[in-house]
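Listed in order, the protein sequences are those of chains A and B.
Read in order, the letters of the first sequence correspond to residues 1 to 348 in UniProt numbering.
Read in order, the letters of the second sequence correspond to residues 1 to 348 in UniProt numbering.
From the three backbone atoms N, C-alpha and C, an ideal C-beta is built for every residue, glycine too.
Protein chains: 2
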Amino acid sequence: MKATVLHAPGDVRLDEVPDPTIAKPTDAVVRVTAACVCGSDLWPYRGINDVSEPSRIGHEFVGVVEEVGSEVRSLRPGDFVIAPFMYSDNTCPHCRVGIQSRCDHGGFWGGPDPDGVLADGGQGEYVRVPLADGTLVSTREAPDDSMVPSLLTLSDVMGTGWHAAVAARVAEGDTVVVVGDGAVGLCGVLAAARMGAERIIAMSRHQPRQAVARGFGATDVVEVRGDEAVAAVLELTGGVGADAVLECVGTKESMLTAISAARPGATVGYVGAPHGVEYPVRDMFVRNVGVAGGMAPARQYLPDLRDDVLAGVIDPGRVFDLELPLAEVAEAYAAMDERRAIKSLLRP
Amino acid sequence: MKATVLHAPGDVRLDEVPDPTIAKPTDAVVRVTAACVCGSDLWPYRGINDVSEPSRIGHEFVGVVEEVGSEVRSLRPGDFVIAPFMYSDNTCPHCRVGIQSRCDHGGFWGGPDPDGVLADGGQGEYVRVPLADGTLVSTREAPDDSMVPSLLTLSDVMGTGWHAAVAARVAEGDTVVVVGDGAVGLCGVLAAARMGAERIIAMSRHQPRQAVARGFGATDVVEVRGDEAVAAVLELTGGVGADAVLECVGTKESMLTAISAARPGATVGYVGAPHGVEYPVRDMFVRNVGVAGGMAPARQYLPDLRDDVLAGVIDPGRVFDLELPLAEVAEAYAAMDERRAIKSLLRP
C-alpha cells in the first residue's frame, strides 16, 4: 500500500510500504477514506522535533473496517469508523475515568505498539488498528460524504478543542477567551458556543481564521497580543476578566496571556503541547487562577461529538480549507507550513 | 488597648495602642474574645518575610460587636462574629463569584485599608472592621465556649483546608492525598472526610499531628517524603494514584509530590503560599493533572462551615493544642516556631 513517510525535515513522501494485516486478535484493519495533516505534524516536518530516521506519520483518519481479529466484538467489516489520535483499550483505570490519552496499553499511530508491532500512521491507504474495540468509534452506515470532514475533525482537533473547553469548565452564559486561531483554537470556539457561552472572544490576527471563528460563534475578535490582548479582554469585560480561557497554542507567551485574561477563580483549559511554558506561580495563587487540561482524551468525547455532527448541531469540518489527493501529501504539508492553509484534508 | 506588634524577627510584644473607633459608616468595632497564631505569621517572625518597621499582626479572630457605623445593616452590638482572614465587601464581581480574597475593595488585617486608615490586627483586644456587613459572619447569640476554638478556625485554617478540597474537586468515594500536616493540612483532611472521601492518605512524620489527622478521618498515614511518598501512594492505590490531592505546604518539593501522587485527570488543590514552586509542565500535560486554588476565600465558606460547627458535624478546633492569655503572645509564637505546638489560641 501507499503511506506517508517523513524522511527528514521538509521531506515528506508517499512511499510503498507493506500492507497491514491482523497481528493480534484484538486488531482491525481499516481502509482509510479521509485523513489530514495536524499542526503537531509540522513540528518534525519543521525539524523542531527530532527526525533521526524515516518514520510513518499521521494520526487523524476515518475509514471503513476491512477485517477484524477474532476477539473484536463491537465492529464488523464494512463499518464506517473514526479513529482518535491515540489508540486505547477503553477499559483500564485511566480510560474508565475518561483519560484514554493515558491508557495503560495505549499508544501513538505510526510507531510500534507495546508488543513492538507497527501501528500504521494515519496518512496512508490502510491502518492496522490495535485494540480496535477500545479505539474505534463507528457510525455503522457510511455517512453522507458532506459529513466526512466534520467526522474527521473528531480524531483530534475538535476533540482537543472540546477538551480545552471542558477543562476550562465553560458554562452556559460565560464569557470565554480562546487563545490560538489554529484548527484547535477554532474548534475551541465551536465547543464554547455549543456549551452555551454567551460571549466568545477569539484572539486572531488572520482574516480567514477570524471568519471561521465568527462562523463558529465568536462574538469578538482581539487582534493584538500579549499585554495588549489582556488589556483588550479587561476592557471587554468591565475590568473583570474572562470566566473561562482556552489556551490552544502552547507557548510561554500564549499561556501568560491566557492566565492574565482569566478572572479570579477561573480556570485556563490548555491543550497546546507546552513549548517553553513557565507558569506565573505567584499571580495564579493570588488570583486563584487554575490550569487544567493536557493531551486530550479524544476517545472520551467521540461518541457524543459524532452524534452532534450527524445531527447537524456542529460542523467543525469548516476548519478544512484545502483538500488534496493523498498523492499530493507533500503539498498538503507545505501549504500548512507556509500558512496558506488552516488545515489540509487528504483523500486516499 | 493592648495589641500584638511584631517589632523585628523573633520580637513580638503586646503593646499599648490607640483604641479603634468607627472611622467610616460601614465599619464595626469588635471586642476580640479569641484569636490565634497562623503558620503564615511565622514568616515575618522568622525573618523570611521582610520586617522593616514595627507592625500589627494577626488575622484570625472571633468576638462581640461593640459598635457599628450608620450604614451597617446586618449586625448589631452584642452579636458574636467570626472574621475571615481578609475583609471584603461581598458585593463586587469577584466576591459575587465567591473569590472574596480578591475583593475590589478588600484588604488585610494589621495594615492600612484602601483609604489609609488602619484595620487593626487580629491579635489584640479590639479590631476596627472595615466593610463590616461584607466581612463578618455572625452567630447572633454567643456560642457555647466549647465551640469557640472550632469557630475560630473558620477565620482561616478550616476555610483554607476546605478551599483546598473544593479546588481539588474532592467527591464522595474518592481516594484523597493531603500533603502537609500543619493546621491547614489537618483541616484539609477534615474537609475531605466531610465531603465523603472514602480513603484519606495523610502525609505526616509527627505523631501528635498523625493522631489529629486520624481523628479527622485519615485512613492512612505516609511518613516518608518526595519520591518515596509518591511510591507509597501508588502502592496504596494499585498503581493508579489519588483521585484528588490537597497541597497545603507551598514548597517546590511538596508541590512536586502532590502532582506526582495525582492520578491522570486529577486536580491538585493548593493553598500553601508558594515559595520557590516550579510546576512540572510536561508531566502535567502528559498526565492531564491540573492545579487549582490559591489564597482561600474563607468568607465564601464561613456560613456553611459555621452551621456545620454549631451542629457538631465538624470540630476543627482540635488543631489547637496550646491556649494562652493574650499577654503571653510571645510564648504562643515561640511554641509554634519551635514546633512545640501545632497552633496556639490566645484569649484577650
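In chain A, which residues lie with their C-beta within 8 angstroms of the C-beta of residue i?
i        : result
B/Val230 : Those do not exist, as B/Val230 stays about 16 angstroms from chain A at its closest Cβ, beyond 8 angstroms.
B/Val240 : Pro93, His94
B/Thr135 : Result: empty, since nearest Cβ-Cβ is about 18 angstroms, beyond 8 angstroms.
In terms of residues, what are the limits of the alpha helix (DSSP H) holding residue i?
i                      : result
B/Ala83                : Where B/Ala83 is concerned, there is no enclosing alpha helix (DSSP H), although the beta strand (DSSP E) it sits in stretches over 80-83.
A/Ile259               : 252-261
A/Pro303               : 298-310
residue 361 of chain A : A question about residue 361 of chain A goes unanswered here, because the residues of chain A that appear run from 1 up to 348.
A/Arg209               : 207-216
B/Ala335               : 329-337
B/Ala232               : 226-236
B/Val189               : 183-194
A/Cys92                : Here A/Cys92 belongs to no alpha helix (DSSP H), and DSSP marks it neither H nor E.
A/Ala35                : Run containing A/Ala35: none in the alpha helix (DSSP H); it sits in the beta strand (DSSP E), 28-36.
B/Val166               : 157-167
residue 416 of chain B : Since the displayed chain B opens at 1 and closes at 348, residue 416 of chain B lies outside it and no answer follows.
I'd like the span of the beta strand (DSSP E) that includes residue i, first residue to last.
i        : result
B/Met284 : Unbroken run through B/Met284 is the alpha helix (DSSP H), 281-287; no beta strand (DSSP E).
B/Arg128 : 126-129
B/Ala119 : Taken as a continuous stretch (DSSP letters only), B/Ala119 belongs to no beta strand (DSSP E), as it is neither H nor E.
A/Gly293 : 290-293
A/Pro325 : 322-325
A/Arg199 : 199-203
A/His59  : Unbroken run through A/His59: none, as it is neither H nor E.
A/His7   : 2-8
A/Glu247 : 242-247
A/Asp133 : That residue, A/Asp133, is in no beta strand (DSSP E); its alpha helix (DSSP H) goes 132-135.
A/Leu346 : 344-347
B/Leu14  : 11-16
B/Thr175 : 175-179
Below 8 angstroms on C-beta distance, what does residue i contact in chain B?
i        : result
A/Ala244 : None at all; the shortest Cβ gap to chain B is about 12 angstroms.
Output the distance between the C-alpha atoms of residue i and residue j, rounded to the nearest integer angstrom.
i                      : j        : result
A/Pro93                : A/Gly312 : 33 angstroms
A/Arg31                : A/Arg128 : 9 angstroms
A/Asp174               : A/Trp162 : 15 angstroms
A/Ile201               : A/Val170 : 13 angstroms
B/Gly121               : B/Thr257 : 35 angstroms
B/Val17                : B/Ala3   : 7 angstroms
A/Ala197               : B/Tyr301 : 27 angstroms
A/Gly58                : B/Trp43  : 53 angstroms
B/Arg96                : A/Val177 : 20 angstroms
A/Asp181               : B/Met255 : 33 angstroms
B/Gln123               : A/Ala167 : 41 angstroms
B/Asn90                : A/Glu331 : 58 angstroms
B/Ala213               : B/Gly239 : 24 angstroms
B/Pro143               : B/Tyr87  : 22 angstroms
residue 349 of chain B : B/Ile48  : Past the edges of chain B, shown from 1 to 348, lies residue 349 of chain B, and the structure says nothing about it.
B/Glu53                : B/Glu60  : 22 angstroms
B/Pro20                : B/Thr135 : 17 angstroms
B/Cys231               : B/Gly317 : According to the sequence as given, residue 231 of chain B is Ala; it is not Cys. Taking the straight line joining both Cα atoms gives about 32 angstroms.
B/Arg287               : A/Tyr126 : 30 angstroms
B/Met203               : A/Thr251 : 35 angstroms
B/Gly107               : B/Gly272 : 19 angstroms
A/Trp109               : B/Leu186 : 46 angstroms
B/Leu346               : B/Gly69  : 27 angstroms
A/Glu253               : B/Asp304 : 40 angstroms
Taking Cβ-Cβ distances shorter than 7 angstroms, what residues in chain A pair up with residue i?
i        : result
B/Arg282 : Pro274
B/Val277 : Val281
Please list the partners that residue i has in chain B, where partner means a Cβ-to-Cβ separation under 7 angstroms.
i        : result
A/Arg287 : Arg102, Gly294
A/Thr267 : Ala292
Tell me, please, whether the CB atom of residue i is closer than 8 angstroms to any CB atom in chain D?
i        : result
A/Asp220 : Absence of chain D from the displayed structure is noted, the protein chains being A and B.
The region 146-158 of chain A in contact with the region 99-111 of chain A per 3-pair CB rule at 8 angstroms: no
Interface positions of the region 153-168 of chain B facing chain A (Cβ-Cβ less than 9 angstroms), listed along the chain: Residues are counted here when their Cβ sits less than 9 angstroms from a Cβ of chain A; for the region 153-168 of chain B these are His163, Ala167, given in chain order.
Touch test, the region 273-285 of chain A against the region 77-88 of chain A, Cβ-Cβ under 8 angstroms, three pairs minimum: no
Near-chain A residues of the UniProt domain "Alcohol dehydrogenase-like N-terminal" (25-131) of chain B - C-beta to any C-beta below 8 angstroms: Pro93, His94, Val97, Gly98, Ile99, Ser101, Arg102
Proximal residues, the region 247-265 of chain B versus chain A, C-beta separation under 7 angstroms: Pro264, Gly265
At least 3 beta-carbon pairs within less than 8 angstroms: the region 183-196 of chain B vs the region 210-224 of chain B: yes
Validate contact between the region 259-268 of chain A and the region 138-150 of chain A using beta carbons, cut 8 angstroms, 3 pairs: no
Three or more C-beta pairs below 8 angstroms linking the region 69-76 of chain A and the region 236-249 of chain B: no
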